[in-house]
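A short write-up of the structure that comes next.
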Amino acid sequence: MAYMHGNLAMKPNKRPEHNASAQERRKTVIRRKPLPVQEKLLYLFTVVVCVITASVIIFRYAEIYRMNLEIRELTQRYEQLNVQIKELERKVETLSDPNEITEKALELGMVYPEFDDVISLQVSGESARTAMKD
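Quick note on numbering: the numbering used here labels position 111 of the sequence shown as 113, and the sequence is numbered without any gaps.
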């Protein structure tokens with residue numbers, strides 16, 4: 003509500019006036035000429051080249067990713083085989099121990115030969131060979 007009882011001046015409400023001249027004005031629309039066929043083909047060719055280039059780049063990145071995955075798998079397999087080789091080398095070392103061989107032979111029923119069971123032979127030109135009696 004407007005301030006009515008005081009010494010402040012009030013701004014009068016103005017009603018919009020309709021100008022007849024404003025309604026008669028017309029806006030001119032400037033239409034662009036359509037692109038020539040050669041220019042359209044040039045744009046199309048540029049887009050096709052960009053799509054092909056992007057496809058090649060994406061394909062190459064996919065190949066690189068696949069190769070890296072194969073390298074990672076081969077590296078893991080290589081490490082597993084190295085661990086297995088180390089274990090087998092340790093096993094060969096323990097099985098090559100003379101004490102281990104003697105112990106295993108005794109478990110399987112081997113007995114040391116008696117003095118009577120050993121025969122020494124002299125072969126011409128060669129050193130004496132030892133043989134066991136059947």
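C-beta atoms are modelled at their ideal positions from N, C-alpha and C, and glycine is treated no differently.
Listed in chain order, the beta strand (DSSP E) runs fully inside the segment 37-61 amount to none, counting runs of at least 3 residues.
Judged by their CB atoms, GLU102 and THR96 are nearer to each other than the 8 Å cut-off. Secondary structure note for ILE121: its beta strand (DSSP E) is the uninterrupted segment 120-123.
Pairing GLU65 with CYS52, the inter-Cα distance amounts to about 20 Å. Here the C-alpha atom of ILE87 lies approximately 31 Å from the C-alpha atom of MET112.
DSSP places LYS88 in the helix class (H, G or I) of the three-state scheme. Annotated three-state conformation of ARG68 is helix, per DSSP.
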